[in-house]
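Shown next, in structure tokens, is the structure this report addresses.
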Amino acid sequence: MSGTASAWNRAWAQALDRLESDVASAEALLLEEHMLRELPKFDPWTPPAGLGPLPLDMRPRADAVLRRQLEVATKLAAAMSGAAMHSLVIGKMVEDRRDPARPSYVDVAM
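Residue numbers for the sequence shown follow the numbering used here, so the first one is 1 and each next one is one higher.
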């Protein structure tokens, strides 16, 4: 492998490493362990300048990363929907201070 091809493969390997790291962080958000630590800082991935086309031998790895990203996106959307529904239910259970006209029930049999 020539020096240029080797540098090209290294650049792509580093780019895929970053994408895999981002997916792993998103996967960790879906686990309960994320509650025990701070959320990861949002740092969107951008392709490095001059990266060029994907080397053919890295296609399986890139496809695997894409599959993981799509799975995580689906799971995160479901988790967000669930959190929104949970928030709605909790909001209905919490006393609304803006509505003081709520009925009160008092046991006067004593």
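No residue lacks a Cβ here, since even glycine has one placed at the ideal position from N, Cα and C.
Where residue i falls: helix, strand or coil (DSSP)
i, result
"D43", "coil"
"A49", "coil"
"L30", "coil"
"S87", "helix"
"M107", "Here the sequence assigns Asp to residue 107, which means Met is not the residue at that position. Reduced to three states, the DSSP call for D107 is coil."
"P55", "coil"
Local Cβ density within 10 Å of residue i, reported as buried at 16 or more and exposed below that
i, result
"A79", "exposed"
"V106", "exposed"
"V89", "exposed"
"V108", "exposed"
Beta-carbon proximity list for residue i, same chain, < 7 Å, skipping 5 on both sides
i, result
"L16", "M58, R61, A62, V65"
"G52", "W8"
"E20", "V65"
"P47", "A15"
Same chain, Cβ closer than 8 Å to residue i, neighbours up to 5 away in sequence not counted
i, result
"A13", "M58"
Cβ-based neighbour list, residue i, same chain, cut-off 6 Å, excluding 5 preceding and 5 following
i, result
"R10", "none"
"H139", "Outside the modelled stretch of the chain, which goes from 1 to 110, sits residue 139, for which no answer is possible."
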